[in-house]
């Protein structure tokens with residue numbers, strides 16, 4: 001339980017830091033989530049002054065939702081390509097400057113030939129998109145927590161590099 005509490009504190013702290021960076025640069029942030037089912041949006045929306053910098057996002061849990069709302073190519077969705085398409089599409093859908101997207105396998109079993117805990121995280125600006133593949137272990141809720149933490153870390157890095 002202590003690990004989950006510590007992780008939640010880190011997640012909240014990162015969301016606050018992202019908000020400060022976005023505010024300082026006049027940047028708006030969007031999310032496109034599958035695996036995390038809205039958790040990233042929830043923590044960003046809870047951060048200070050989020051209405052000034054958090055544009056919103058799309059929770060596209062089912063494949064059809066990814067295809068229809070985010071224009072993801074039909075086919076496997078546990079891929080770097082899908083994550084990148086989600087990240088780029090949500091910029092236009094929501095009208096934001098930068099975005100983060102996540103797709104993957106929470107578990108307990110494999111999907112699309114990928115092991116549980118396989119996650120793709122993409123961060124995008126209008127100019128570039130960067131994707132990281134990760135392999136997390138643990139229960140589905142632990143994978144969601146780790147994905148949220150790492151997605152926010154990648155988003156913060158994008159804002160620092162901008």
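Residue numbers (UniProt numbering): 1 to 162.
Every residue, glycine too, gets a C-beta built ideally from N, C-alpha and C.
Rounded to whole angstroms, the Cβ separation of residue 119 and residue 35 is 6 Å, and the two are in contact under 8 Å. Shortest Cα-Cα distance from residue 93 to any of 117, 152, 126, 50 involves 126. Contact annotation, residue 29 with residue 18: C-beta distance approximately 7 Å; criterion of less than 8 Å satisfied.
Between residue 40 and residue 102, the C-beta spacing is below 8 Å. Going by beta carbons, residue 62 and residue 73 fall outside the 8 Å limit. The C-beta distance from residue 25 to residue 162 rounds to 7 Å, short enough to fall under 8 Å. Contact annotation: residue 100 and residue 78 have beta-carbon atoms that are not nearer than 8 Å. According to the DSSP secondary-structure assignment, residue 56 is paired through a beta bridge with 30.
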